[in-house]
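**Q**
Number of protein chains: 2
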Amino acid sequence: MSVPPIGLHVLLDLYGVEPARLEDCARIEAVLSEAARVAGARVLGARFHPFGPGQGVTGVLLLAESHISIHTWPEHGYAAVDVFMCGEAEAMTAATLIGERLRAGRIDVHECARGLSGERHAG
Amino acid sequence: MSVPPIGLHVLLDLYGVEPARLEDCARIEAVLSEAARVAGARVLGARFHPFGPGQGVTGVLLLAESHISIHTWPEHGYAAVDVFMCGEAEAMTAATLIGERLRAGRIDVHECARGLSGERHAG
Chain G
16 MSVPPIGLHV
26 LLDLYGVEPA
36 RLEDCARIEA
46 VLSEAARVAG
56 ARVLGARFHP
66 FGPGQGVTGV
76 LLLAESHISI
86 HTWPEHGYAA
96 VDVFMCGEAE
106 AMTAATLIGE
116 RLRAGRIDVH
126 ECARGLSGER
136 HAG
Chain X
16 MSVPPIGLHV
26 LLDLYGVEPA
36 RLEDCARIEA
46 VLSEAARVAG
56 ARVLGARFHP
66 FGPGQGVTGV
76 LLLAESHISI
86 HTWPEHGYAA
96 VDVFMCGEAE
106 AMTAATLIGE
116 RLRAGRIDVH
126 ECARGLSGER
136 HAG
């Protein structure tokens with residue numbers, strides 16, 4: 016079997032985010048779309064779901080290069096994001112933009128190289 | 016700030032999968048839907064995209080408890096899956112079922128506990 020293609024999967028834990036930023040579904044979708052664009056990825060489709068006033072948002076952008084997801088908990092000032100991109104698209108560029116746009120107080124970043132048969136954990 | 020909720024994020028690298036299984040978009044969506052159901056998760060929406068005959072599939076199930084994604088490369092017998100579930104839903108149950116249904120020759124599993132401020136890497 017040939018070596019599978021390599022993709023970079025970035026998991027972001029964002030803490031200390033202003034709750035209002037984590038409730039605004041339209042703005043969150045716009046931030047993820049911008050992140051896909053600056054990373055050089057192509058959006059195939061989107062699904063976003065607001066859980067209601069004062070509650071979180073969950074959503075995914077499906078990309079030709081894989082996906083970006085976000086799940087937010089305004090009551091904890093917390094968002095879980097993951098950016099998975101294959102090919103030439105730059106996952107870390109997208110991840111960095113999302114952290115900046117949501118103005119997180121603290122960002123934990125965890126990187127995983129996907130699709131390597133051997134040593135695959137880069138973060 | 017209170018401690019954020021904990022979710023389990025499972026990254027699966029599936030190797031040695033029969034190519035035909037990785038091209039069948041309808042069947043892959045059915046497998047992911049079954050996985051969500053057995054894990055006790057609720058599906059909010061789905062986006063799946065086949066890249067064409069002999070090519071891979073990319074897709075995401077958006078869940079009330081977060082998401083399940085899959086991206087396949089039939090030419091390499093490889094699929095990248097991630098299962099992220101919060102609350103009572105059982106991410107590892109879903110991940111195990113997906114590996115079984117796709118009859119992977121080898122499965123690499125990487126677990127990350129999400130939303131912990133301190134020690135958060137469980138895998």
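Those protein sequences? They're chains G and X, same order as listed. For what it's worth, the working numbering labels the leading residue of the first sequence as 16, then goes sequentially. For what it's worth, the working numbering labels the leading residue of the second sequence as 16, then goes sequentially. Cβ atoms here follow ideal geometry from the backbone N, Cα and C, with glycine treated the same way. Remember, it's a predicted structure, so these values are computed and weren't measured experimentally.
1) Counting pairs of Cβ atoms below 8 Å between the region 112–132 of chain G and the region 58–69 of chain G, do you hit three or more?
2) Compare the C-beta of X/R55 against all C-beta atoms of chain G and say whether one is closer than 8 Å.
3) Could you give the distance in angstroms between the alpha-carbon of X/P68 and the alpha-carbon of G/L78?
4) At a CB-CB cut-off below 8 Å, which residues of chain X make contact with G/D97?
5) Beta-carbon of G/G133 versus every beta-carbon of chain X: anything under 8 Å?
6) Between the alpha carbons of X/A128 and X/L23, how many angstroms are there, rounded?
7) Ends of the beta strand (DSSP E) at X/V58?
8) Can you find a C-beta in chain X that's less than 8 Å from the C-beta of G/G60?
9) Got a sec: is the Cβ-Cβ distance from X/G102 to anything in chain G below 8 Å?
10) Would you report the Cα separation of X/A41 and X/D97, rounded to the nearest angstrom?
**A** If we stick to the structure as given:
1) no
2) In the second sequence, counting from the first residue as 1, residue 55 of chain X sits at position 40. Sequence check: residue 55 of chain X is Gly here, not Arg. No, because no Cβ of chain G sits closer than 8 Å to the Cβ of X/G55.
3) For the purposes of this step, residue 68 of chain X is taken as the residue at position 53 of the second sequence. For the purposes of this step, residue 78 of chain G is taken as the residue at position 63 of the first sequence. Taking the straight line joining both Cα atoms gives about 19 Å.
4) The sequence position of residue 97 of chain G within the first sequence is 82, counting from 1. The contacting residues are H24, D97 and F99.
5) If you number the first sequence from 1, residue 133 of chain G lands on position 118. With a pLDDT of 48 at G/G133, under the threshold of 50, the modelled position of this residue cannot be trusted; read the value that follows with caution. Closer than 8 Å: no.
6) Against the second sequence, residue 128 of chain X aligns to sequence position 113. Against the second sequence, residue 23 of chain X aligns to sequence position 8. Using only the alpha carbons, I get a separation of about 5 Å.
7) In the second sequence, residue 58 of chain X corresponds to position 43, counting from 1. V58 to P65 is the extent of the beta strand (DSSP E) around X/V58.
8) Taking the first residue of the first sequence as position 1, residue 60 of chain G is located at position 45. For G/G60, the answer is yes, since a Cβ of chain X falls inside 8 Å of its Cβ.
9) Locating residue 102 of chain X in the second sequence gives position 87, counting from the first residue. False, the Cβ-Cβ gap to chain G never drops below 8 Å.
10) As a first step, residue 41 of chain X must be located in the second sequence, where it is residue number 26. As a first step, residue 97 of chain X must be located in the second sequence, where it is residue number 82. Approximately 18 Å, taken between the alpha carbons.
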